[in-house]
Amino acid sequence: MLTAQRIVKTYRRKRIIVCLSLAIATLLLTTGVRYLTERNRNEQRVTLFTARAVSTVESLLEPLAASRSALFPLVGQPCEQAVEPLRIESARLQTLRAIALVKSGTVYCSSIFGNRNETLRQLQPKLPSPFPQMLLTRDNSLIKGSSVLLIWTPTSADGQDGMIQALNIELLSRLMLEPARPWVDHVVLNVGDVHLEYGKGVVQTLPGKPGLETRDGVSGRFPFSVTVIGPPGDRLALKFLPSQLPLALILSLLIGYIAWLATAGRMSFSHEINLGLAAREFEVYCQPLVNAQSQQCAGVEILLRWNNPRQGFISPDVFIPLAEQESLIAPLTRYVLEATASQLHYFPDSSRFHIGINVAASHFRRGKIVEDLKQFWFTYQPVQPLFLELTERDALPDVDYRVVKDLHSLGVKLAIDDFGTGQSSLSYLEMLHPDVLKIDKTFTAAIGTDAVNSTVTDIIIALAKRLNIDLVAEGVETPEQAAWLRRNGVAVLQGYLYARPMPLHAFPAWFANQPEAAKENGTAVRAVPLR
Ligand code: C2E
Ligand code: CA
Ligand code: CA
5 MLTAQRIVKT
15 YRRKRIIVCL
25 SLAIATLLLT
35 TGVRYLTERN
45 RNEQRVTLFT
55 ARAVSTVESL
65 LEPLAASRSA
75 LFPLVGQPCE
85 QAVEPLRIES
95 ARLQTLRAIA
105 LVKSGTVYCS
115 SIFGNRNETL
125 RQLQPKLPSP
135 FPQMLLTRDN
145 SLIKGSSVLL
155 IWTPTSADGQ
165 DGMIQALNIE
175 LLSRLMLEPA
185 RPWVDHVVLN
195 VGDVHLEYGK
205 GVVQTLPGKP
215 GLETRDGVSG
225 RFPFSVTVIG
235 PPGDRLALKF
245 LPSQLPLALI
255 LSLLIGYIAW
265 LATAGRMSFS
275 HEINLGLAAR
285 EFEVYCQPLV
295 NAQSQQCAGV
305 EILLRWNNPR
315 QGFISPDVFI
325 PLAEQESLIA
335 PLTRYVLEAT
345 ASQLHYFPDS
355 SRFHIGINVA
365 ASHFRRGKIV
375 EDLKQFWFTY
385 QPVQPLFLEL
395 TERDALPDVD
405 YRVVKDLHSL
415 GVKLAIDDFG
425 TGQSSLSYLE
435 MLHPDVLKID
445 KTFTAAIGTD
455 AVNSTVTDII
465 IALAKRLNID
475 LVAEGVETPE
485 QAAWLRRNGV
495 AVLQGYLYAR
505 PMPLHAFPAW
515 FANQPEAAKE
525 NGTAVRAVPL
535 R
């Protein structure tokens, strides 16, 4: 069976799990989204960088093409004539280091040195060539060892005549190919199978960078490509994540807190009780009360049962105190009143058959119980008198004593339940004028065994006699207890010795099985001498 603490704990645990899961999901989602956006942004950055590097190099090479066609006629002309226009052109295009003219495979004129006489193949093994060529190489004439980009344009069909433009590519590359850290670590210009790496000059092999990612941008207009090397976008995004964590944590805590507030109603025991009421999961049971002397059935006490389809059977000892805490006891009592009133046909149709209903003291506030009785009990015009059993564990001082008067005028009688277990004070007895004191089952169980509790029982009995209040003992399980109680003047007995609580529809069968002496024309007319 479930205990109150376990139920409340289960709800709290479920609520904590839901809120924590939501907070963790928010944390994962925010960091996940930030990671993906950052990764995409990194990739876009590198793509853009590569495209821009290619177009910058292209914009450098474009003016050279125009300049070449203007200079072609100079090829073959004597150097004395040609050198001046070469120098002017070379000065005009600041990207150019030099222009040289080639005749029959021999460099015969240069914008820097004027007249020359050097075999081109010795300077550049790949030249001359019948096709235009672009070569990345080291300068062997002017600034020895520095990187240059040579553009060879043949002017004769056999490729022995032509023109060379030498670009100061190392200087230019410093301007064009600067890496953008942390996304790009290395930028390489590739011409044929020769590479120019930023900061390193011409190299024969492409730098291998373990753990880094390579991206190529190929020019559509010139025979070169740019290789961009840098850390993978996802690794960079991962590095960036810790800086996002505080914000994501705050957001997830906020969502968790909002979920905590939002689930207060839905994931609580009061929600469960409301669900149970709406789905009519509660059932009223009754337990007979028997006249101690005549053994006649004097009436019944109505006891609530809850077979919760989600949690199984829940004892009233668990849900009644929780319902009282959650201010749901009044709706539950209304439910009991109506469910009992609509099934009164199961009980003897007698004004001497008492029906006891348990009520909480809080229901007495501002006369609420009187209104509810009028609406949910008296509309059925029951013949059977009603007893309200008021449990002492509630704060009896809460009871509005004017309400007690109203109840008496409606013919409703009052019993103090579990008498002797709480902080009863004689003054309550005086103010409430109860018709009955119910001796709690712990005292009944103590009869003949537990000296202290037996003394309390003696005192309760003496007190009731003195105040002229009838006594009902609950929890009578043995004939010895019944005999003792009878001997000591307890008028009515209730307990497993006579019957266990049963559904209302089972009562007629139980009643029919009672010895004839206990019945009179099928009704319990000679019931308890309750006033
Ligand atoms: P209670 O008013 O003192 O009811 C008597 C309890 O003792 C019942 O437990 C009954 O089943 C049990 N009982 C009866 N005879 C014996 C017996 O011979 N031996 C033993 N060991 N127990 C016996 P139950 O039905 O579990 O109810 C527990 C408590 O829950 C009730 O104690 C009452 O305070 C509360 N309760 C039950 N139904 C309602 C209700 O409709 N409204 C309110 N406000 N409280 C209710
Ligand atoms: Ca009771
Ligand atoms: Ca009791």
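In our numbering, each number is its position in the sequence shown, counted from 1, plus 4.
Glycine residues also receive a C-beta, built at the ideal position from the N, C-alpha and C atoms.
Contact test: residue i Cβ vs ligand 2 heavy atom, cutoff 6 Å
i: residue 421; result: yes
i: residue 484; result: no
i: residue 393; result: yes
Any non-hydrogen atom of ligand 3 closer than 6 Å to residue i Cβ
i: residue 481; result: no
i: residue 328; result: no
i: residue 478; result: yes
i: residue 444; result: yes
heavy atom of ligand 1 below 6 Å from residue i C-beta
i: residue 335; result: no
i: residue 324; result: yes
i: residue 287; result: no
i: residue 308; result: yes
i: residue 362; result: yes
i: residue 292; result: no
i: residue 371; result: no
i: residue 321; result: yes
i: residue 494; result: no
i: residue 499; result: yes
i: residue 304; result: no
i: residue 507; result: no
Residue range of the unbroken beta strand (DSSP E) whose run includes residue i
i: residue 320; result: Counting along the chain, residue 320 falls outside any beta strand (DSSP E), though it belongs to the alpha helix (DSSP H) covering 320-329.
i: residue 157; result: 151-158
i: residue 102; result: 100-107
i: residue 122; result: 118-123
i: residue 292; result: 286-295
i: residue 517; result: First-last for residue 517: undefined, no H or E at that position.
i: residue 170; result: 166-171
i: residue 437; result: From DSSP, residue 437 is part of no beta strand (DSSP E); its letter is neither H nor E.
i: residue 417; result: 417-423
Proximity to residue i [Cα-Cα], best of the options
i: residue 175; options: 353, 38, 203; result: 203
i: residue 434; options: 472, 188, 499; result: 472
i: residue 476; options: 185, 364, 293; result: 293
i: residue 85; options: 208, 119, 107, 59; result: 119
i: residue 10; options: 318, 256, 32; result: 318
i: residue 536; options: 452, 454, 447, 34; result: A question about residue 536 goes unanswered here, because the residues of the chain that appear run from 5 up to 535.
i: residue 51; options: 17, 90, 222; result: 222
i: residue 252; options: 497, 512, 29; result: 29
i: residue 338; options: 245, 513, 256, 282; result: 282
i: residue 330; options: 450, 274, 468, 226; result: 274
i: residue 217; options: 140, 54, 373; result: 54
i: residue 115; options: 468, 87, 280; result: 87
i: residue 178; options: 159, 200, 244; result: 200
Residue span of the alpha helix (DSSP H) that contains residue i, given as start and end
i: residue 413; result: 405-413
i: residue 337; result: 333-345
i: residue 445; result: 445-450
i: residue 468; result: 455-471
i: residue 96; result: 83-96
i: residue 278; result: 273-282
i: residue 498; result: That residue, residue 498, is in no alpha helix (DSSP H); it is neither H nor E in DSSP.
i: residue 370; result: Looking at the DSSP string, residue 370 is not in any alpha helix (DSSP H), and its letter there is neither H nor E.
Same chain, Cβ closer than 6 Å to residue i, neighbours up to 5 away in sequence not counted
i: residue 425; result: 444
i: residue 461; result: 447
i: residue 60; result: 180
i: residue 532; result: Low local confidence applies: a pLDDT of 41 at residue 532 is under 50, so the model's placement there is unreliable, and no value is given.
Cβ neighbours of residue i in the same chain (closer than 8 Å, five flanking residues each side left out)
i: residue 314; result: 276
i: residue 68; result: 97, 99, 100, 155, 169, 171
i: residue 307; result: 288, 289, 290, 291, 320, 362, 505
i: residue 18; result: 271
Neighbourhood of residue i by C-beta, 7 Å cutoff - its chain only, sequence neighbours within 5 removed
i: residue 26; result: 259, 260, 263
i: residue 229; result: 194, 220, 221, 222, 223
i: residue 15; result: 271, 272, 273
i: residue 350; result: 508, 509, 511, 512
i: residue 518; result: 301
i: residue 415; result: 389
i: residue 58; result: 221, 223, 230
Closer than 6 Å: residue i CB and nearest ligand 4 heavy atom
i: residue 416; result: Ligand 4 is absent from the structure shown, which contains only ligand 1, ligand 2 and ligand 3.
| message | Using a Cβ distance threshold of 8 Å, determine whether the region 257-277 contacts the region 9-29, with at least three qualifying pairs required. | response | yes
| Three CB pairs or more closer than 8 Å across the region 476-485 and the region 503-520 | no
| query | Is the number of C-beta pairs between the region 155-166 and the region 184-191 that are closer than 8 Å three or more? | reply | no
| request: Count the C-beta pairs between the region 71-81 and the region 227-236 that are closer than 8 Å, then say yes if the count reaches three, no if not. | output: no
| query | Three or more C-beta pairs closer than 8 Å, one from the region 190-201 and one from the region 210-220: is that the case here? | reply | yes
| message | Tell me whether the region 293-309 and the region 347-366 touch, counting them as touching only if at least three CB pairs, one residue from each stretch, are closer than 8 Å. | response | yes
| request: Could you tell me whether the region 373-381 touches the region 339-354, where touching means 3 or more Cβ pairs closer than 8 Å? | output: yes
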